[in-house]
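Following: one structure in structure tokens, then a few remarks.
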Amino acid sequence: MTDQPHRFPAGPRPTIQKRKYPNPMKIRELEKALDLTGFINQLEELINRPIKIPPVRPSAGTSRHARHGVFSVKDIWQNKEEQKKEVSKLYNAESLGERQWLLDLLTEESDSEDSGGEEHFTQQNLKELLKIHRRRRTLQTQYHNDIMNSQYTYYSAGLLSNHDRFPEHQKEVQKQFFFEDGV
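Count along the sequence shown starting at 1, add 357, and that's the number in the numbering used here.
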């Protein structure tokens, strides 16, 4: 991976041309408001600066237990069962069926042990993200072109709402397209 900073195209930057004759005050104010040179310079500095994630270091008083990140929830519950029970109360789990895996994913701990250290965001990372984004958009387009995929409209949203509309909506779509036994 190369750690090359982003460079804007070479050549003169577009600027507002100065006039030979004095302008009315309003025009000068508008030209000053539309001058983005300072903003572009500041943005260029931010883009060229590497993104650093500071490591989590244990403090002097925490020798027995490893200190977790600021947003960690590891020290809130006594054990994993208690955590899963408390977090699952946040979701509507009345008619899960085949979506049990989704509830398990939502309730499991997401803190990773190896997230410490500095990570730099490089041009290669950006290229990979753009490649993934393009692939995702292609798959989304293909997904939305198939009318039978509309039965999954409320697949995950039902877990977050008071009334889970997924089962009834799925049956309605399958009935509309003559699927009696499901997909």
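Just so it is clear, CB atoms sit at the ideal spot from N, CA and C, and this is done for glycine as well.
Quantities reported herein were computed from a predicted structural model and do not represent experimental measurements.
- With fewer than 16 other CB atoms across the displayed protein chains lying within 10 angstroms of its CB, Asp392 is exposed.
- Non-local beta-carbon contacts of Phe478 in its own chain, meaning distances under 6 Å to residues more than five positions away in sequence, involve Ile408 in chain order.
- Here the alpha carbons of Glu438 and Glu451 stand approximately 19 Å from one another.
- For the pair Val444 and Thr464, the Cα-to-Cα distance works out to about 6 Å.
- For Lys528, the enclosing alpha helix (DSSP H) begins and ends at Phe523 to Gln533.
- According to the DSSP assignment, Leu453 belongs to no alpha helix (DSSP H), since it is labelled neither H nor E.
- When the Cα atoms are used, Ile489 and Gln499 turn out to be separated by approximately 15 Å.
- By the neighbour-count criterion, in which 16 or more other beta carbons inside 10 Å mark a residue as buried, Phe534 falls on the exposed side.
- DSSP places Phe478 in no alpha helix (DSSP H); its state is neither H nor E.
- Selection Leu516, Gln508, Gly515 and Ile397 evaluated against Lys532 yields Gln508 as nearest (Cα-Cα).
- Burial is judged here by how many other beta carbons sit within 10 angstroms of a residue's own beta carbon; Leu516 has at least 16 and is buried.
- For Thr495, the secondary structure class from DSSP, reduced to helix, strand or coil, is helix.
- Per DSSP, Ile384 is one residue of the alpha helix (DSSP H) stretching across Met382 to Leu391.
- In the structure shown, the three-state DSSP call for Lys409 is coil.
- Pairing Ser518 with Leu459 gives a Cβ-Cβ distance that is not under 8 Å.
- DSSP places Lys446 outside both helix and strand once states are collapsed to three, so it counts as coil.
- Annotation: the continuous alpha helix (DSSP H) that includes Gln457 extends over Gln457 to Thr464.
- Around the beta carbon of Gln497, fewer than 16 other beta carbons sit within 10 angstroms, so the residue counts as exposed.
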